[in-house]
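Visitor: Quick note on numbering: the sequence shown equals residues -9 to 1017 in my numbering.
Here it is: the structure, laid out below.
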Amino acid sequence: MTYATDKSKIQDQPFPLPLSNDTSTKSVAKVIEKKFSKRDVITSLFAGACAGALAKTVIAPLDRTKIMFQVSNTPFTYAKAIENLSKSYTQYGLRSWWRGNSAMMARVIPYAAIQFTAHEEIKRLLGSVNHETLPPLKRLLAGSMAGATAVILTYPLDMVRARMAVSNFSKYKSLRHTFATIYKEEGIRTFYNGFIPTVIGILPYAGVSFFVYESLKKHYYNNNNHEILIINRLLFGAIAGACGQTVTYPMDIVRRRMQIDGIDGKGYIYKNIFWTLSHVLKTEGFIKGFYKGLSINWIKGPIAVGISFATYDTTKLFINQIKKKLKMFNKISLKSIDYLGAVNANPDDFEKLTQVFLEDIELCNIKVPEFDFGFQWLNVKEKLQFNKDLKGKLCVLDFFTYCCINCMHILPDLHDLEESFSVQDGLVVLGIHSAKFQNEKILSNILSAVIRYDISHPVVNDPNAVLWNEMNIQCWPTLVVVSPIGQVLLYLVGEGHRNFLFNFVEFALKKYRNKGLLSSHALPIQLEKSSLKFKNLRYPGKLTASPCGKMLAVSDSGHHQVLIIERNGYVVKRIGTGFPGFKDGEAHVSQFSSPQGLSWIENVIFVADTENHSIREINVANWITKTIVGNGKQGKDKEGGKLGIEQEISSPWDVVVGASPGSDTTDCVNNCLYIAVAGTHQIWCYFLKDGLWLKKGHQKKEVALRFAGSGEEENRNNSYPTKASFAQPSGLAIIKNQLFVADSESSSIRSVDLKTGAVKGVVGADRDPTNLFSYGDVDGIGLNAKLQHPLDVAAVNGHLYVADSYNHKIKVVNMSNLSCTTLAGNGVVGIKNGDFLSAEFNEPGGIICLDDTIYIADTNNHLIRVLNLTTRLVSTVSVINLLEILETDNFDGFPVAVSKTSEKLLVGANTSVTVLDHKKCNLSSHSTFFLHVSLPTGFHYTDEVDSKWQLTLSSEAVIDVKTGTLNKDEISLTIPPGFSFVLIKVELILYMCSENGLCHMKQYVLHQSLINDYNAGNSIVTSFLAF
């Protein structure tokens, strides 16, 4: 299973539960409590930061005005305060009211965050349990210590903010500039001017403020039995602020005078606290001096403190409600683990244990969150809601992301579950798509995955992981069972729960049916696959070339078959029935299931038959398919060592032939088939012949075993291959003694030394082997380059060509300096041909190089694309319409096309078809088709009625239709240029009489296939003898 660990991708991402067999529920619970304890501190910091920022921003204009009076000899009046604000607006604009606010935010945000967090932690140290109110003295002490802690850590920011507030723009231009100027002109000690009076002032201020606020809250709770309203919190905070300001205002005057002392360049006046106190008292008096601006502070102070306290409490309450909900979901998850362990230990007591478990869970009464109305849905006509459409249904929620191999593994289980228990029975399976990669958030890409994997239940796109976070989901895949009344019942994490899931669903359906809670109503299901038709390829996965390079083999994954095509696109052979299955034999009976990787060596094509969890071998001499590794069942073995079909593997994604590990690769002995086993995140070897092994070992022919990868899903490099780790390896290529791996889930290209087994990084990924979220679209060198879920790699002439699938690009890596750059594709999903950097692709999944040409399996475009390295142009290979191929071959292995167009017929619809041998023609320019019709010996055309003909030219659609009369019109048709294949359907109505006077009317339909050949002529003549 894949754990989600990227905090930027999923906010407050739940942590992975330790699920090893030797981990008790209690130890898991301790981990959870520790995690939530850490979250308490983070919550206080965040809520405090929000409180400080909002409060100070609201009163910033008043605060700036107050400071102007504090540091001058001008007596304060409201009229002068308003005049000051008006003058500032006139001269400098509205923004001047918030001059210095950036510095204020730089100070206030950390100040408030530290103060509120320190207050919570100090209260705990002083004996507060579960946020109980402390005794009065401790209450005062906690506030004072919290204020002092915040001042000590943030004072220089406050001093700089004061300087910026009273200066003009030319003196201090920005926060950074102010710091630099003061440090350069006045020295570092200046940053702490006024520090002592500030600390002296903050002790009573913070102490009184927190004391009054906490006391008022305690009084409220003692006299009311409900939560404090926000208006009350604002009022309590305002009262606390007014009290604190009044008590400590004289020290605030002293602090401000000392902070701005020397700003005019005339030297320092205020030498210390006592001198400042004496000077202000002597020159300005007690009230006018020490309480100058207090009246404006009684306006702004209570507002600021009220907003601050109310914002802090409200934010923290909101976060704690979310945390409480998360804890409840964690409780369900932990109970599920305990229950699952009990059932595994006592399978005979399943019903008893399940009954007790459900009774316990139902008492928790945890409701599933409702779907956001903005979510996008697939496979349904209209959006679903738990409290409406899904009421009365037992729901199984599948949290998945379509790149995840483990998510793919449980899809057959869910399909069989739906086959066993229908919607009418009361069961609904819902796919909750919670994307890992940015590319997976796009609905059209999810649609392609839904069709490709034949998902037949409703799927909702949750691109921002809203449900994921609300339900505290931790990894892909996770199944959550929800009762008919919306209660969360069970969490199943990872794969391998098939039998348990079936038993649980059967028991739950019976239980809720007996309670009368199930409903048999239908849902507005509308499968996406029913609205789409694939005329050509369907999700081609990989491709390879014949040894001579004239032919290509393509894994037509969506049609569950392998195609052999000429490089111009004409299909030579089809291996497979076009339907999923697991069967060896001749080409027209053999079956595959979503085949991917291919490797063509001599007369053998090796196939990674992904969803059959096996390796197949196609003998090109007779087109017979044979299984050589696996038996069609998913394996869990991570070591291997058995022979051929006795060895089970899991989801092989690619194959390549090379020299066995430990061999002298200069001998070029192709005795080993390397397999990218995506399901267990490993590289395996299948020995085609006896061969060497690592550390001078030997292995026998047909042995299949692990070569590299521990089986952990990581991006871990290591000199020892079994200690290294991969993350869903999906593409392989070999240059000399190096095996290159497209490691899709770590978004990187890796290398494995075939001589030693050492695994190294090439480009992409992160230094942290557990970080599988280090992806992007960045050209660069080594780790600085970023890819997004690359699915294949090709190696030639010191370069690697990468199918950077989720970036919709082809990239090239120069092996001399590990520089990775974009070769083709602009990153936009599309089908555009043309120059390299303006071309468009859609999740290209396969890539091979032939001479100066690169062939691409453009998976979601259902096409084969061509990159010409000489002209630097992208084009498309025209593969003939696969839905128009007859089941049998007509000539030398070439299939014959049959038109199924809806043009007006000349002859009856049931007229039998005569398929003529295909012919080659130069279709790159205008060409002409001629038909000569001959009658049997002794027959002639009837004079009284005209015999008629009709020619229909088509490729993937009807191009032209031409009609005429025999003996009057030449049967011919001009073919426009630009096709690799055309079909000409000939319809004839012949009226003919024999020499003895017996007359007949006969109808014929002929199919003539023409294949492009640049060396052929432009004129084709076909002769037909009527019978």
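Positions of the beta carbon are idealized from the N, C-alpha and C atoms, including for glycine.
Kindly indicate which residue of L380, T670 and V456 has the alpha-carbon position closest to the one of G416.
Guide: Taking only the C-alpha atoms, the option nearest G416 is L380.
Visitor: Identify the residues that DSSP records as bridge partners of S715: which are they?
Guide: R706.
Visitor: For the beta strand (DSSP E) that Y845 lies in, which residues bound it at each end?
Guide: Looking at the DSSP string, the run of the beta strand (DSSP E) that includes Y845 is T843 to D848.
Visitor: Alpha carbons only, please: which of H549, T932 and A43 is nearest the one belonging to R442?
Guide: Among H549, T932 and A43, the Cα nearest to that of R442 belongs to H549.
Visitor: Please confirm whether A512 and V619 have their CB atoms less than 8 Å apart.
Guide: No; because the gap between Cβ atoms is not below 8 Å, this pair is not in contact.
Visitor: Note the first and the last residue of the continuous beta strand (DSSP E) segment covering Y994.
Guide: Here the beta strand (DSSP E) through Y994 covers C989 to N1002.
Visitor: Determine the extent of the alpha helix (DSSP H) in which K342 is found, giving its start and end residues.
Guide: Per DSSP, K342 belongs to the alpha helix (DSSP H) from F340 to C354.
Visitor: Quick one: what does DSSP say F1014 is sitting in, helix, strand or coil?
Guide: Reduced to three states, the DSSP call for F1014 is strand.
Visitor: Classify L1000 as buried or exposed, calling it buried when 16 or more other Cβ atoms lie within 10 Å of its own Cβ.
Guide: When all chains shown are included, L1000 counts as buried.
Visitor: For D1003, collect the residues of the same chain with a Cβ closer than 6 Å to its Cβ; drop the 5 residues on either side in sequence, then sort them by chain order.
Guide: Same-chain partners within the cutoff: K910.
Visitor: To the nearest angstrom, how far is it from the Cα of Q624 to the Cα of F730?
Guide: Each residue's alpha carbon lies about 25 Å from the other.
Visitor: With three or more beta-carbon pairs closer than 8 Å as the criterion, would you say the segment 402 to 409 touches the segment 774 to 783?
Guide: The segment 402 to 409 vs the segment 774 to 783: no contact.
Visitor: Report the start-end ranges of each beta strand (DSSP E) in the segment 931 to 992 that is 3 residues or longer and not cut off at the edges.
Guide: Fully enclosed beta strand (DSSP E) runs of 3 or longer: 938 to 944, 948 to 955, 962 to 965 and 971 to 984.
Visitor: Bridge partners for I1048 per DSSP, in chain order?
Guide: The structure shown does not extend to residue 1048, since the chain spans only -9 to 1017, so no value can be given for it.
Visitor: Measure the CB-CB distance between I395 and A668 and report whether it falls below 8 Å.
Guide: Cβ atoms of I395 and A668: closer than 8 Å.
Visitor: Which one or two residues does DSSP pair with D599 in a beta bridge?
Guide: D599 pairs with P585 and S604.
Visitor: Could you check if S924 is buried or exposed, using at least 16 other CB atoms within 10 Å of its CB as the buried criterion?
Guide: S924 comes out exposed.
Visitor: Could you please give me the residues that DSSP links to W613 through a beta bridge?
Guide: Looking at the DSSP assignment, W613 forms no beta bridge with any residue, so it has no partner.
Visitor: Please classify H405: does DSSP put it in a helix, a strand, or coil?
Guide: Of the three classes helix, strand and coil, the one that applies to H405 here is helix, per DSSP.
Visitor: Taking S1025 as the reference, which of L479, V768, K975 and G486 has the closest Cα?
Guide: Any answer about residue 1025 is impossible in this case: the structure gives the chain only from -9 up to 1017.
Visitor: State the beta-bridge partners of D743 as determined by DSSP.
Guide: In the DSSP output, where bridge partners are listed per residue, D743 has Q728.
Visitor: Report the partner residues of R179 according to the DSSP bridge assignment.
Guide: For R179, which the question treats as bridged, DSSP gives no partner whatsoever.
Visitor: H578 to K563, Cα distance in whole Å?
Guide: Rounded to whole angstroms, H578 to K563 spans 10 Å at the Cα level.
Visitor: Excluding sequence positions up to five away, which residues of its chain have a Cβ less than 6 Å from the Cβ of V98?
Guide: These residues qualify, in order along the chain: G42 and K46.
Visitor: First and last residue of the alpha helix (DSSP H) that includes P1078?
Guide: Outside the shown range of the chain, which is -9 to 1017, sits residue 1078, and nothing can be said about it.
Visitor: Classify I178 as buried or exposed, calling it buried when 16 or more other Cβ atoms lie within 10 Å of its own Cβ.
Guide: By the neighbour-count rule (16 or more Cβ atoms within 10 Å), I178 is not buried but exposed.
Visitor: When the Cα of V864 is compared with those of N850, I846 and N851, which residue comes out closest?
Guide: For V864, the nearest C-alpha among the options comes from I846.
Visitor: Say whether chain B places a C-beta atom closer than 8 Å to the C-beta of V948.
Guide: Chain labels in this structure do not include chain B; a single protein chain is all it has.
Visitor: Would the segment 825 to 837 and the segment 752 to 772 be scored as touching if the rule is three or more Cβ pairs under 8 Å?
Guide: Taking 8 Å as the limit for Cβ pairs, the verdict is that the segment 752 to 772 does not touch the segment 825 to 837.
Visitor: With distances taken Cα to Cα, identify the nearest neighbour of I112 among P100, G133, A96 and L127.
Guide: Checked all of P100, G133, A96 and L127; the closest Cα to I112 is G133.
Visitor: Measuring alpha carbon to alpha carbon, tell me which residue in L127, G788, P719 and W265 is nearest S734.
Guide: Nearest of L127, G788, P719 and W265 to S734, Cα basis: P719.
Visitor: Got a sec, what are the start and stop residues for the beta strand (DSSP E) V923 sits in?
Guide: Unbroken beta strand (DSSP E) run through V923: S917 to S924.
Visitor: Is the CB-CB distance between S737 and H671 below 8 Å?
Guide: No, these two residues do not count as a Cβ contact at 8 Å.
Visitor: Considering just the uninterrupted stretch of the beta strand (DSSP E) at Y664, what are its terminal residues?
Guide: Unbroken beta strand (DSSP E) run through Y664: C662 to V667.
Visitor: Does the segment 467 to 487 come within contact of the segment 444 to 456, defined as at least 3 CB pairs closer than 8 Å?
Guide: Contact fails: fewer than three Cβ-Cβ distances are below 8 Å.
Visitor: Is the segment 296 to 306 in contact with the segment 217 to 236, if contact means three or more CB pairs nearer than 8 Å?
Guide: Yes, since at least three Cβ pairs between the segment 296 to 306 and the segment 217 to 236 fall closer than 8 Å, the two stretches touch.
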